[in-house]
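As structure tokens, the structure follows; a few thoughts come after it.
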Amino acid sequence: SELVVDDDGPADFRTVQGALDHFMKNAATDAAVTVRVRNGIYQELLFLRARNNVSIVGESRDGVIIQYRNHETLNGGSGASQVAGSGTPAGGRAVFLAESSDLLTLDTLTLRNTMLRSTSASSQAETIYFNNDTGRLVARNATFLSEQDTLQLKGYAWFYGSLVAGNVDFIWG
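Numbered by this note's numbering, the letters in the sequence shown go through residues 6 to 178 in order.
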């Protein structure tokens with residue numbers, strides 16, 4: 006029910022996605038799971054589908070940075086499945102795609118899309134796409150940074166003590 010991620014020290018996994026993959030394969034859909042992420046910069050894309058009661062908790066807000074350079078020209082579209090719960094998403098421009106999941110908590114961490122605006126590439130570059138019309142997302146003491154479309158949200162979202170920053174269209178959906 007609890008996994009530890011550390012990019013350079015003793016832990017269950019070296020990547021956050023490795024921990025997500027493990028429990029998506031081995032835990033029940035509604036089993037409460039906490040992924041504790043130790044300080045470090047994690048260069049990775051994240052994907053979560055059809056798992057509820059998931060918490061990703063960082064050691065410190067400025068010390069846990071999950072980031073990647075991703076955008077519409079590189080990985081077109083939202084990445085969402087045509088039918089929720091079926092198929093595999095084809096790309097998608099968000100750093101974190103959470104689909105058909107409920108009660109996802111992001112706590113004490115930074116999620117950053119490192120794409121910078123340019124004239125040669127589309128700037129749509131979300132940090133998170135939370136795709137569940139009836140799902141609930143909770144963000145506490147977190148930072149979300151991107152140039153355009155920082156958050157794409159469906160369902161219900163609560164942000165407490167968090168920073169959402171970008172250049173254009175910070176929150177949409």
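For glycine and all other residues, C-beta sits at the position ideal for the given N, C-alpha and C.
Local Cβ density within 10 Å of residue i, reported as buried at 16 or more and exposed below that
i       : result
Asp-154 : buried
Asn-137 : buried
Tyr-47  : buried
Span separating the alpha-carbon of residue i from that of residue j
i       : j       : result
Arg-145 : Ile-61  : 11 Å
Asn-57  : Leu-108 : 6 Å
Asp-67  : Phe-149 : 11 Å
Gly-178 : Ala-147 : 20 Å
Leu-116 : Thr-34  : 24 Å
Thr-110 : Trp-163 : 10 Å
Ala-130 : Thr-113 : 22 Å
Residues near residue i in its chain [Cβ-Cβ closer than 6 Å; skip 5 each side]
i       : result
Gln-22  : Glu-49 and Leu-51
Phe-28  : Val-38
Tyr-134 : Ser-83, Ala-99, Leu-102 and Gln-157
Ala-16  : Val-9 and Val-10
Ala-170 : Leu-150
Residue i vs residue j beta-carbon contact at 9 Å
i       : j       : result
Gly-128 : Glu-152 : Gly is not the amino acid found at residue 128; the sequence shown has Ser there. Yes, they are a contact pair.
Thr-139 : Tyr-161 : yes
Val-42  : Val-59  : no
Ser-105 : Arg-54  : yes
Asn-172 : Asn-118 : no
Close beta carbons around residue i, own chain, < 7 Å, minus the five adjacent residues each side
i      : result
Asp-12 : Arg-19, Gly-45 and Tyr-47
Three-state secondary structure (DSSP) of residue i
i       : result
Phe-28  : helix
Gly-68  : coil
Val-100 : coil
Gly-84  : coil
Gln-22  : helix
Ser-60  : strand
Ala-130 : coil
Leu-108 : coil
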